[in-house]
Amino acid sequence: MKNIIKSQLYQLRKERLVWIVFIGFLIIPMSNIFLEGEMVLMGDYPTQVMLSEMGMLFTIFPLMFLFTLVGIMCCGDFMDKTSNYELMTGHKRAEVYFGRVIPCIIVGLICFTVLVSVPIIVNTAMHGWGTKLDVGEIVLRYTLMIFPIFRILCTAIFAAFIIKNPYILMALGYVTFAIGGISGSGMFEERMSPVLGMTNLNMLSTFESWATYGIEDDMNYIYDASLTAGQIASTIIVSLAAGAVFIYLGYVFFHTDDLN
Numbered sequence: 121m122k123n124i125i126k127s128q129l130y131q132l133r134k135e136r137l138v139w140i141v142f143i144g145f146l147i148i149p150m151s152n153i154f155l156e157g158e159m160v161l162m163g164d165y166p167t168q169v170m171l172s173e174m175g176m177l178f179t180i181f182p183l184m185f186l187f188t189l190v191g192i193m194c195c196g197d198f199m200d201k202t203s204n205y206e207l208m209t210g211h212k213r214a215e216v217y218f219g220r221v222i223p224c225i226i227v228g229l230i231c232f233t234v235l236v237s238v239p240i241i242v243n244t245a246m247h248g249w250g251t252k253l254d255v256g257e258i259v260l261r262y263t264l265m266i267f268p269i270f271r272i273l274c275t276a277i278f279a280a281f282i283i284k285n286p287y288i289l290m291a292l293g294y295v296t297f298a299i300g301g302i303s304g305s306g307m308f309e310e311r312m313s314p315v316l317g318m319t320n321l322n323m324l325s326t327f328e329s330w331a332t333y334g335i336e337d338d339m340n341y342i343y344d345a346s347l348t349a350g351q352i353a354s355t356i357i358v359s360l361a362a363g364a365v366f367i368y369l370g371y372v373f374f375h376t377d378d379l380n
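Numbering-wise, my numbering comes out as the position in the sequence shown, counting from 1, plus 120.
Below, the structure written as structure tokens:
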């Protein structure tokens, strides 16, 4: 399995499509930072405002990238029958399966972290953090996102071994997240619970804010980004359990599949 993992990582370095999409989805939110900072708030766009107004939007593009990554790493070898050759040379099905699943999950989590954190860091460097949002609470929320992302990755991997076509999987992921997140259609809007990966992300990226008015009608914003122990525990437990189930189901399917 070690050789398969090394081969997957080597192939990934050569996959131009993956890195073009990665760079593209990194540039889009960065461009939005400049546009929002200049047009909406006259150049004063602290990170706390960015996260309170469009925190979920900053997770949509990384999620779309993950389907590109999973499509290439888990479906790509079905197109040229590489998986068949690995089995014919003596590799077990578990080795072929987990030799793709393990690096895909690790690389996916790392790439998601980069795509989400870089725009936040850049915006903070340009416009400051703000004074009304605790940094520790936001760090906790975005650290916890690793768990629903793990769950979504496992779901995508399960779908990949059924579909066996990277482009169909990519299109499926793009359409789902575009409709649910970018278009404002409300598919995931105001649904905040650990039941689904997307609603769990929505719960973690959305927090309450209130506006009060001062003596001279100055608007004062108050933010509450705290999480309850139940929200933290349910995010971790449900995500790990659901992810494990999808990885197992994917292996069961691959173990009995004729690979045609």
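Glycine included, every Cβ here is placed at the ideal spot set by N, Cα and C.
Remember, it's a predicted structure, so these values are computed and weren't measured experimentally.
Taking only the alpha-carbon atoms, compute the straight-line gap between residue i and residue j and give it to the nearest angstrom.
i           : j           : result
residue 196 : residue 285 : 7 Å
residue 228 : residue 220 : 12 Å
residue 166 : residue 149 : 15 Å
residue 126 : residue 203 : 15 Å
residue 348 : residue 312 : 13 Å
residue 234 : residue 350 : 28 Å
residue 170 : residue 353 : 27 Å
residue 168 : residue 257 : 11 Å
residue 215 : residue 122 : 9 Å
residue 201 : residue 208 : 11 Å
residue 292 : residue 231 : 20 Å
residue 211 : residue 376 : 15 Å
residue 250 : residue 343 : 11 Å
residue 143 : residue 136 : 11 Å
residue 294 : residue 151 : 20 Å
residue 198 : residue 287 : 12 Å
residue 134 : residue 328 : 44 Å
residue 362 : residue 252 : 35 Å
residue 241 : residue 378 : 47 Å
What are the boundary residues of the alpha helix (DSSP H) that residue i is part of?
i           : result
residue 201 : Per DSSP, residue 201 belongs to no alpha helix (DSSP H) and is neither H nor E.
residue 359 : 349-376
residue 322 : 317-325
residue 290 : 286-297
residue 192 : From DSSP, residue 192 is part of no alpha helix (DSSP H); its letter is neither H nor E.
residue 256 : 255-264
When DSSP labels each residue in this structure, what does residue i get in the three-state scheme?
i           : result
residue 215 : helix
residue 135 : coil
residue 124 : helix
residue 303 : For residue 303, the predicted model reports a pLDDT of 40, less than 50, meaning its position is unreliable; a value from the coordinates is still stated below. Residue 303: coil per DSSP, three-state reduction.
Could you check how far apart the C-beta atoms of residue i and residue j are, in whole angstroms? I think they sit under 8 Å.
i           : j           : result
residue 268 : residue 321 : 5 Å
residue 225 : residue 185 : Incorrect: roughly 14 Å between the Cβ atoms, too far for contact.
residue 191 : residue 326 : Not really, about 29 Å apart at Cβ, beyond 8 Å.
residue 275 : residue 317 : 7 Å
residue 236 : residue 205 : So it is not a contact: roughly 37 Å between Cβ atoms.
residue 324 : residue 265 : 5 Å
residue 297 : residue 183 : 5 Å
Can you list, in chain order, the residues of its chain whose CB lies under 8 Å from that of residue i, leaving out five sequence neighbours each side?
i           : result
residue 315 : 358
residue 302 : Low confidence applies to residue 302: its pLDDT is 47, below 50, so where it sits in the model is not reliable enough to give any reading.
residue 223 : 125, 128, 129, 132 and 193
residue 355 : 264, 267, 268, 314, 320, 323 and 324
Can you list, in chain order, the residues of its chain whose CB lies under 7 Å from that of residue i, leaving out five sequence neighbours each side?
i           : result
residue 374 : 213, 217 and 281
residue 138 : 132, 188, 189 and 192
residue 244 : 167
residue 346 : 257
residue 260 : 347
So, at 6 Å on beta carbons, what are the nonlocal neighbours of residue i in its own chain, with the 5 sequence-adjacent residues on each side left out?
i           : result
residue 255 : none
residue 161 : Reliability fails at residue 161, whose pLDDT of 43 lies under 50, so the model's placement of it is uncertain and the value that follows must be treated cautiously. Excluding sequence neighbours, residue 161 sits near nothing in its chain.
residue 278 : 366, 369 and 370
residue 283 : 289
residue 360 : none
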